[in-house]
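Under the UniProt record's numbering, think of the first position of the sequence shown as 1, with each following residue one higher.
Written below as structure tokens is the structure these notes are about.
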Amino acid sequence: MYAQGRTKPGKIVTEVKYPRSMHCWGLAFDIAVLLNGLVTWDTKFYDQIGPLAAAIGLEWGGSWKSFVDKPHYQLPGYDVDDLIKKYGAPEKFMKSWEGINVPGFEGPAKVIFKGKELSAGLLEGRTYVEIRALAEAMGLKISYDNATKTVTLS
């Protein structure tokens, strides 16, 4: 369905206006399957991934009866109308996340590389920084091999 109007003929049918999309509320995400470095919309791949996500508690758009959306995943138990009624806007909903405790998380940290501040956090006494942001700040290329779960910086 996502391909319609993008890589396939027809009008784009997946646009939902703010704030009606669960994506706006930070409760949903879409995936794209890479095959040999290119995005594929072949549903057989999404049909394999969807049940795995459902098994860990995510709602999969591929299991919907109307408007099947196989690249889509979201946290279950939320309704856009209820969110709008309670919070008005996604930003107010996201503010309600403040104060949520993650076991072992001690708070934000600063990492400065060549004068550029990178977002970081302290978890169980260790400083964590997003490897992609650090690699880019260092002028390095980053690649990931999913088969071996290996990040390579070059």
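Quick reminder that beta carbons are idealized off the backbone N, C-alpha and C, glycines included.
| query | Buried or exposed: where does proline 103 fall if 16 or more other Cβ atoms within 10 Å of its Cβ makes it buried? | reply | Within 10 angstroms of the beta-carbon of proline 103 lie fewer than 16 other beta-carbons, which makes it exposed.
| said: Within 8 Å, do at least three Cβ pairs link the stretch 20–34 to the stretch 78–94? | reply: The answer is yes - the stretch 20–34 touches the stretch 78–94, with three or more Cβ pairs under 8 Å.
| task | Report the option in Gly139, Val39, Phe29 whose CA atom is closest to the CA atom of leucine 75. | result | Phe29
| request: From the DSSP output, in three-state form, read off threonine 148 for me. | output: coil
| message | On the DSSP letters alone, give me the boundaries of the beta strand (DSSP E) that aspartate 42 sits inside. | response | No residue range can be given for aspartate 42, since it is assigned to no beta strand (DSSP E) and is classified by DSSP as neither H nor E.
| said: How far does the alpha helix (DSSP H) with glutamate 91 in it extend, from its first residue to its last? | reply: Start and end: 90–95.
| said: Tell me the rounded alpha-carbon separation between threonine 40 and leucine 34. | reply: 6 Å
| said: Spatial neighbours of isoleucine 31 within its chain, please: C-beta separation below 6 Å, excluding the five flanking residues on both sides. | reply: Sequence-distant Cβ neighbours of isoleucine 31 in its own chain, meaning closer than 6 Å and more than five residues away, are Pro71.
| request: Could you pull the start and end residues of the beta strand (DSSP E) that leucine 123 belongs to? | output: 116–123
| query | Skipping 5 residues on each side, what residues in its chain have a beta carbon closer than 6 Å to that of arginine 132? | reply | Ile142
| query | Among residues of its own chain, excluding the 5 on either side of tyrosine 18, which ones have a beta-carbon nearer than 7 Å to its beta-carbon? | reply | Only Cys24 meet the Cβ criterion.
| task | Could you pull out every unbroken alpha helix (DSSP H) segment of at least 4 residues lying fully inside the UniProt domain "Peptidase M15C" (20–75), listed in chain order? | result | 43–55
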